Amino acid sequence: MTTIDTSAPGERAARLNMAQFLSRYGTFAAFILLLLFNLIVTPNFLSWQTLNVNLTQVATIVIVAVGMTLVIATGGIDLSVGSLMAIAGTAAPMIFMGKLLPIENMGILIILSFILPVLLVMAFGWFNGMLVTRFSIQPIIATLVLFIAGRGIAQVATNGNLQVFKNPEFQFIAMGRIAGIPAQVIIMIIVAVLAHCLIRYTVIGRQIIAVGGNEKAARLTGIPVRRVKTFVYIVSGALAGIAGLIVVARNSASDANLVGLGMELDAIAAVAVGGSLLSGGRANIIGTVLGAFVIQLVRYTLLANGVPDAAALIVKAGLIIIAVFIQQRAKG
Amino acid sequence: MLLSMQDISKAFSGVSALRSASLEIAAGEVMALVGQNGAGKSTLIKILTGAYQRDSGTILFEDEDVAFATPGASQAKGIATIYQEINLAPQRSVAENIYLSREPKTALGLLDRRAMRAGAAAVLKTFNLDIDVDMPVGHFSAATRQMIAIARAVTQKARLVIMDEPTSSLDEREVDILFQTIRTLKRNGVAVLFIGHRLDELYEICDRVTIMRDGQTVAHSAMADMPKMELVRHMLGKELAAFQAIARDTGDDEAKPVRLAVEGAGSGVRVRDVSVTVREGEISGLAGLLGSGRTETARIIFGVDKLEKGSIRIDGKERRYGEPADAIADGIGLVSEDRKIDGIIPDMSIRENMTLALLPKLKKAGIVDRARQQEIVTRYIKALGVKCASPDQPIKELSGGNQQKVLLARWLCTDPRILIIDEPTRGIDIGAKAEILKLLRNLADEGLSVLMISSELEELLAAADRVTVLSDGRSVAVLKRNELSETALLSAMAHQVN
């Protein structure tokens, strides 16, 4: 009502359509462009080796970013995911190395070392949800609590020591292959497909979008807003936990200082580049997956062509700016 | 004349908001500006202060032709606005707020705090306000904050102070203090434009009144020459001819069982003592001026706000809802007043907006039953005549009337026993209005109990079987169908029960 666009209608429509086109297919176009660029410039790009490296590296980003997409869809944000990865990543080795539980049977210990750390970080996710819903703390502050404290908890639990291990059964989630496909890639695909279906086809999924789209209206239609919000933080926690397990399994070592460091930013970046509105009300899982791929490919492209990792960070920031800019235009 | 606005017109993307409205204020005069929501009061003010630009018309301020480009420009010329939510910085001190953006500076270009403190204390003293000017503004009551805002206007040499519903958050004692302040302004030759809707207050403090309706100024008068009834009539209009009375069966309504009974309900300051009943198969109207507590009453019944005293009975059983979900489970629906703020989910499709409340019943193992959803949506789009390209069109692209139909369908598809509908035809063109009222009538005839909140007389007269009138958070009259007339409604709303 208050803004008056003075441009001619036709011109305006054209501009809007361009912005809408970019916001819908921009991430995909960027992905294709990056692939083409690499095919021409980067030596040996077209190889199993390259595909493998990229897929295994992107898997954890995708898994965490999917959870982040759900949180952002409700209008929230989860800064604690990196720290929750550290908690799950330090808890698992402590369990299968027999430091925590008086159980001798290795098989049971391995199974527990998958389940218990994830349950533990789900509880932390529930804690995030409580801060946001019961105490009405802004999500960015509420999850900042565990962003800071979570890594501290992991460090205290291990006295800051590196846990080194060799356990093929546990490490299967990062080292193993099923039909030639790395296990973590399979986990990534399952997580993304499940989340996509959750958003598209389930009641809770549609309620997540409604809460993010207009919280007041959602409450007035009887949607349990608090429960919906708590749910997404728990899911985000669980997915961060799984990613934490994969990271330590891949490294054969668990370092509370490093596991998941900076992951919250990669995940948020993937969501933003993937086209979900940061203000909530939309969850584009496919977009998030593509967003994560774009970020991974940019990093790989720069590294493979001799640009240092530090410079890659700047390019990543530029990508986020472009993505958010396109979103704004498409909304207008 | 200090201010003379003539023939002001303004349209937003083709929709007319003001049609040759006018407003004249003399120096040292308190002018009341009244009208319903959407009458054009705030558009007129925003054009005066430069927040909007007029499409046509003239504005003379101190006999000078003016067209303010920004609110800052009008402020510099001596027009100050005190908003409902006062625009002060709550964490900064009183003195800092009074001098905000034109702080006195020392020779070195630093803040001259001593001058600020002394100046602030001096101006507050003229309003008999003796407070510590170093305290943060947020520390003080709403009334005091308002006086600080007024003091700030005075130090800016304001010639006209616009007060937008200044008493809405004040208690009686604070209102007295505000009125003393206004009288002080008057004595100093400052004019006040007082936007409000509590009639008693208007008659107490204002010299003249300008009444707006549908973007036009429908009456100017000295306050003393304008009886309350007349004022309300001007505000609400009486275009009865536009509606045909909607046919009703003539059975004995009082024999029907009571489905919803609210007794002595109270919550906060907006709802003090409200009693309303809705019988099976009737449309019970809830009338009252702006701010009389109608919407708030609906929110209490629906479990959005807490019931602090009194009782709510559904079919004779006392109920107390903590959340809207509980009320919905009991078969209650609420179509809220402001579609944009708490009705539609703008980016979601018609299909999804319509089935949001029904969603939990539409699931098989947590998954939305798309076929049934589609079937229900198609049925209601057809039954209510929603005009849309497809059910998958985002609801924000629909016209107001069609959005309202979708929101109505949102509840109808849950098969409710009680439907509360707040301003059923707000922002809807006249044809769709009659259509929606007829629809409500048919639903009531099928047994639905409807509680219809409306500020349009013709709507209440045409559709309601009984009307409860609220005034200042209290139910002051119940008019049965045979007692319903324009005069009776108006006099009850003006709170002159004979």
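Protein chains in written order, with the numbering used here: chain A, 25 to 356; chain B, 7 to 504. We put the CB at the ideal spot given by N, CA and C, even for glycine. As the structure is a prediction and not an experimental result, all values here were calculated from the model.
Exposed unless 16 or more other CB atoms sit within 10 angstroms - verdict on residue i
i, result
"T567/B", "No answer is possible for residue 567/B: it lies beyond the span of chain B, which begins at 7 and ends at 504."
"G246/A", "buried"
"A334/A", "exposed"
"N488/B", "exposed"
"G184/A", "exposed"
"F45/A", "exposed"
"I338/A", "exposed"
"S104/A", "buried"
"C212/B", "buried"
"N68/A", "exposed"
"E302/B", "buried"
"S31/A", "Low confidence applies here, because S31/A scores a pLDDT of 41, under 50, leaving its location unreliable; read the following figure in that light. Exposed is the call here."
"A360/A", "Within the shown structure, residues of chain A are numbered from 25 to 356, placing residue 360/A beyond reach of any answer."
"A395/B", "exposed"
"D102/A", "buried"
"P117/A", "buried"
"R179/B", "exposed"
"F138/A", "buried"
"R376/B", "exposed"
"L326/A", "buried"
"A261/B", "exposed"
"T216/B", "buried"
"M130/A", "exposed"
"T76/B", "exposed"
"I172/A", "exposed"
Nearest candidate by alpha-carbon position, reference residue i, set the options
i, options, result
"G265/A", "G100/A, G174/A, V77/A and F159/A", "G174/A"
"L289/A", "R306/A, G176/A, G315/A and I127/A", "G315/A"
"T150/B", "D182/B, K163/B and I168/B", "D182/B"
"E286/B", "P263/B, R278/B and L404/B", "P263/B"
"S278/A", "V322/A, F194/A, F317/A and S303/A", "F194/A"
"S342/B", "V374/B, L365/B, T384/B and A304/B", "A304/B"
"G304/A", "M92/A, Y49/A and F148/A", "M92/A"
"A89/A", "S300/A, L133/A, K340/A and L343/A", "S300/A"
"R423/B", "I320/B, R214/B and A128/B", "I320/B"
"A415/B", "R239/B, A363/B and K486/B", "A363/B"
Three-state secondary structure (DSSP) of residue i
i, result
"G237/A", "helix"
"E193/A", "coil"
"E403/B", "helix"
"D344/B", "coil"
"G287/B", "coil"
"F18/B", "strand"
"V129/B", "helix"
"A363/B", "coil"
"S497/B", "helix"
"I351/B", "coil"
"I64/A", "helix"
"P330/B", "helix"
"S137/A", "helix"
"L57/A", "helix"
"K315/B", "strand"
7 Å Cβ cutoff, residue i in contact with chain C
i, result
"K240/A", "Absent from the structure: chain C. Protein chains present are A and B."
Quiz item: Does the segment 257-272 of chain A come close enough to the segment 314-334 of chain A that 3 or more CB-CB pairs lie under 8 Å?
Solution: no
Quiz item: Are three or more beta carbon pairs between the segment 224-241 of chain A and the segment 90-101 of chain A nearer than 8 Å?
Solution: yes
Exercise. Determine contact between the segment 192-203 of chain A and the segment 268-280 of chain A, defined as no fewer than three beta-carbon pairs at a distance below 8 Å.
Key: yes
Quiz item: Are at least three pairs of beta-carbons, each pair with one atom in the segment 182-192 of chain B and one in the segment 15-25 of chain B, less than 8 Å apart?
Solution: no
Quiz item: Curious, which full-length beta strand (DSSP E) runs of at least 3 residues does the segment 176-262 of chain B contain?
Solution: 197-201, 214-219 and 222-228
Quiz item: Along the chain, which unbroken stretches of the alpha helix (DSSP H) at least 4 residues long are found entirely within the segment 34-115 of chain B?
Solution: 47-55, 77-82 and 100-104
Quiz item: Can at least three beta-carbon pairs, one atom from the segment 70-88 of chain B and one from the segment 52-60 of chain B, be found at a separation below 8 Å?
Solution: yes
Exercise. Identify every run of the alpha helix (DSSP H) within the segment 421-492 of chain B, keeping only runs that are complete inside it and at least 4 residues long; order them along the chain.
Key: 436-451 and 463-469
Quiz item: Quick one: any contact between the segment 210-217 of chain A and the segment 353-363 of chain B, if contact means 3 or more CB pairs under 8 Å?
Solution: no
Self-check item: the segment 281-300 of chain B in contact with the segment 453-466 of chain B per 3-pair CB rule at 8 Å
Solution: yes
Quiz item: Is it a yes or a no for the segment 285-303 of chain B touching the segment 471-484 of chain B, going by three-plus beta-carbon pairs under 8 Å?
Solution: yes
Quiz item: Is there contact between the segment 490-503 of chain B and the segment 225-237 of chain B, where contact requires at least three CB pairs shorter than 8 Å?
Solution: yes
Quiz item: Any contact of the segment 136-152 of chain B with the segment 83-102 of chain B, i.e. 3+ C-beta pairs under 8 Å?
Solution: yes
Practice problem: Enumerate, from N- to C-terminal direction, the unbroken beta strand (DSSP E) stretches of 3 or more residues contained entirely within the segment 206-265 of chain A. | Solution: none
Quiz item: Are the segment 213-220 of chain B and the segment 37-52 of chain B in contact at 8 Å, needing three or more beta carbon pairs?
Solution: yes
Exercise. Please confirm if the segment 306-326 of chain B is in contact with the segment 267-278 of chain B, defined as three or more CB-CB distances below 8 Å between the two stretches.
Key: yes
Quiz item: So, do the segment 329-343 of chain B and the segment 408-425 of chain B have three or more beta carbon pairs nearer to each other than 8 Å?
Solution: yes
Quiz item: Counting Cβ pairs, one atom from each stretch, are 3 or more of them under 8 Å apart for the segment 368-386 of chain B and the segment 347-354 of chain B?
Solution: no
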